[in-house]
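In the UniProt record's numbering, the protein residues as written are 1 to 400.
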């Protein structure tokens, strides 16, 4: 059963030796071991939990309820007694925009966990939601009301629009065959929209001007790596070329294994090789890659976590796409290199088979959509996953 950079068996971010094995063909994909605890149950959605409010708070807030708890955020629904107004310029097409004022009496409050990547994980999330709402008004994302991005979790937050809908992963199995096909075609069109959006560099985005910024990636955070996310240790981006990016990925891992605390490094990964010898291997690989000419693919928009859990729906309509913290501009082959778009949480063999079936269908629809937009053969092949294998290897956590 394919997974990504999170082990659901033990709720660990990053590669989990106890439960996972890396795919030999697709380095960004891990599979659960046959002797693990079977198909894992989702541990990320707590039961609704409301805070007890004192008299002063109760005068302002009707309720504050925990909606979800993920690897890097807790998400709360805040309901107010009164309303606040938000005015924004809404675009409905080329040169067609108007000022719209809306009133709200509730919002979602996203509070980052202590081990998030500050301030970039906040600014990147905000930047891409603003970018999408500006450039692709037909793709729904939550409206950002307020945000604050500092160097600590206690003073960073995002307040955004609440969308009253359920994740596609929760609704999918209740859809008819016709509704599933309609949904799959919508996902394919959005994927091609993303892949058709080109940038000049590999990187994240600055929310103030949409200029390139450092990348925000789970592999920059796993197991203490966030402590070394600094130009003092390695180039954090943005990157002008694919080669520059790949070499920086090796510099990231060299810096981590050279400076990380002993408790952050999984010692059982080094039973057959010492950390110092592994660092030498990484340095040799980096030096070897530095001598190779690499051709750049188009740098396009990659969501980074595009699956059924982050797609809010009602019936066969998409009402919101969430969790843009790991979005960025990357070589176009990275769009689907993580194993495709999972429409459900694979908590059983039946659901795993459902993902496999619809991943193939969605890929077929992506091909049809790209051809309809007159994409050339090479770019289409890259989009469907035939990219730089060294790039895929560099983008993951490295271990002996």
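Idealized CB from N, CA, C, for every residue including glycine.
How is residue 123 classed by DSSP in three states: helix, strand or coil? Numbered from 1 along the chain shown, position 123 holds the residue referred to as residue 123. Three-state result, residue 123: helix.
Residue 127 and residue 204 - do their beta-carbons sit closer together than 8 Å? Within the chain shown, the letter at position 204 stands for residue 204. Within the chain shown, the letter at position 127 stands for residue 127. In this structure, residue 127 lies closer than 8 Å to residue 204 by Cβ.
Are there 16 or more other CB atoms within 10 angstroms of the CB of residue 389, so buried, or fewer, so exposed? Working through the chain shown from its first residue, we reach residue 389 at position 389. So residue 389 ends up on the exposed side.
For residue 320, the first and last residue of its enclosing beta strand (DSSP E): The residue you call residue 320 lines up with position 320 of the chain shown. 317 to 321 is the span of the beta strand (DSSP E), which, as asked, contains residue 320.
Taking 8 Å as the cut-off, decide whether the C-beta atoms of residue 255 and residue 228 are in contact. Counted from its first residue, the chain shown places residue 255 at position 255. Counted from its first residue, the chain shown places residue 228 at position 228. A contact, by the Cβ cut-off of 8 Å.
As a quick exercise: from 116, 85, 120 and 110, pick the residue whose alpha carbon is nearest that of residue 103. As a working mapping, residue 103 is identified with position 103 in the chain shown. Minimum Cα distance to residue 103 is reached at 85.
Please report the distance separating the alpha-carbon of residue 363 from that of residue 154. The sequence position of residue 363 within the chain shown is 363, counting from 1. The sequence position of residue 154 within the chain shown is 154, counting from 1. Roughly 41 Å between the two C-alpha positions.
By DSSP, does residue 149 sit in helix, in strand, or in coil? Walking along the chain shown from the start, residue 149 turns up at place 149. DSSP places residue 149 in coil when its eight states are reduced to three.
Under 7 Å Cβ to Cβ from residue 81, same chain only, skipping five residues before and after it: list those, please. The residue labelled residue 81 in the question sits at position 81 within the chain shown. Around residue 81: 60 and 62.
Mind checking whether residue 135 and residue 158 have CB atoms under 8 Å apart? Looking up residue 135 in the chain shown gives position 135. Looking up residue 158 in the chain shown gives position 158. Cβ distance not < 8 Å, so residue 135 and residue 158 don't count as in contact.
Excluding five sequence neighbours on each side, which residues of the same chain lie with their C-beta closer than 7 Å to the C-beta of residue 398? Residue numbering aside, residue 398 sits at position 398 when the chain shown is read from its first letter. Cβ within range, chain order: 253 and 282.
Going by CA-CA distance only, name the one from 391, 156, 350 and 307 that's closest to residue 250. Sequence index remark: in the chain shown, residue 250 carries index 250 (1-based). Closest by alpha carbon: 391.
Contact between the region 211 to 221 and the region 314 to 333 is defined here as three or more beta-carbon pairs at a separation below 8 Å; is this criterion met? yes
Considering only the alpha carbon of each residue, which of 233, 185 and 213 lies closest to residue 239? For the purposes of this step, residue 239 is identified with residue 239 of the chain shown, where counting begins at 1. The shortest Cα separation from residue 239 among 233, 185 and 213 belongs to 213.
Give me the Cβ distance between residue 57 and residue 108, rounded to the nearest whole Å; I'm assuming they're in contact under 8 Å. Counted from its first residue, the chain shown places residue 57 at position 57. Counted from its first residue, the chain shown places residue 108 at position 108. With 8 Å as the limit, residue 57 and residue 108 do not qualify as a contact, their Cβ atoms being about 18 Å apart.
When you compare the CB positions of residue 316 and residue 183, do they come within less than 8 Å of one another, or not? Stepping through the chain shown from its first residue, residue 316 is reached at position 316. Stepping through the chain shown from its first residue, residue 183 is reached at position 183. Against a cut-off of 8 Å, the Cβ pair of residue 183 and residue 316 comes out as a contact.
DSSP bridge partner residues for residue 67 (one or two, in chain order): Mapped onto the chain shown, residue 67 falls at position 67. DSSP lists no partner for residue 67.
Starting from residue 377, trace the alpha helix (DSSP H) in both directions and tell me its first and last residue. Sequence index remark: in the chain shown, residue 377 carries index 377 (1-based). Run containing residue 377: 377 to 383, per the alpha helix (DSSP H) assignment.
Could you name the residues of the same chain whose beta carbon sits closer than 6 Å to that of residue 336, not counting the 5 residues immediately before and after it, in chain order? Position 336 of the chain shown, counted from the first residue, corresponds to residue 336. If we look at residue 336 and ignore the five residues flanking it on each side, its Cβ neighbours are 385.
Let me check understanding here. Comparing Cα to Cα, which of 293, 309, 372 and 354 lies closest to residue 165? As a position in the chain shown, residue 165 is number 165, starting the count at 1. Out of 293, 309, 372 and 354, 309 has the C-alpha closest to the C-alpha of residue 165.
Work out the CA separation of residue 334 and residue 360 for me, nearest whole Å. Working through the chain shown from its first residue, we reach residue 360 at position 360. Working through the chain shown from its first residue, we reach residue 334 at position 334. If I take the Cα positions, the gap works out to 17 Å.
Quick one, which of 110, 170, 129 and 114 has its alpha-carbon nearest residue 347's? The residue labelled residue 347 in the question sits at position 347 within the chain shown. Per the Cα distances, 170.
Count the other CB atoms within 10 Å of the CB of residue 223; is the residue buried (16 or more) or exposed (fewer)? To locate residue 223, count along the chain shown from 1; it is residue 223. The residue is buried, with at least 16 neighbouring Cβ atoms inside 10 Å.
Beta-carbon spacing of residue 195, residue 77 below 8 Å: Along the chain shown, one-based indexing puts residue 195 at 195. Along the chain shown, one-based indexing puts residue 77 at 77. Contact flag unset, no.
Do you know how far the Cα of residue 74 is from the Cα of residue 271? For this step, residue 271 is matched to residue 271 along the chain shown. For this step, residue 74 is matched to residue 74 along the chain shown. Taking the straight line joining both Cα atoms gives about 36 Å.
For residue 244 and residue 331, the rounded distance between their alpha carbons: As a working note, residue 331 is residue 331 in the chain shown. As a working note, residue 244 is residue 244 in the chain shown. Rounded to whole angstroms, the separation of the alpha carbons of residue 244 and residue 331 is 12 Å.
Name, in chain order, the residues that DSSP records as bridge partners for residue 73. As a working note, residue 73 is residue 73 in the chain shown. In DSSP, residue 73 forms a bridge with 112.
Backbone CA spacing between residue 211 and residue 273 [nearest angstrom]: Mapped onto the chain shown, residue 211 falls at position 211. Mapped onto the chain shown, residue 273 falls at position 273. So the alpha carbons of these two residues sit roughly 42 Å apart.
Using DSSP's beta-bridge definition, name the partner residues of residue 196. Here residue 196 is taken as the residue at index 196 of the chain shown, counted from 1. Beta-bridge pairing links residue 196 to no other residue.
State buried or exposed for residue 55, treating a residue as buried only when at least 16 other CB atoms are found within 10 Å of its CB. One-based indexing of the chain shown puts residue 55 at position 55. Classification of residue 55: exposed, given that the 10 Å Cβ count is below 16.
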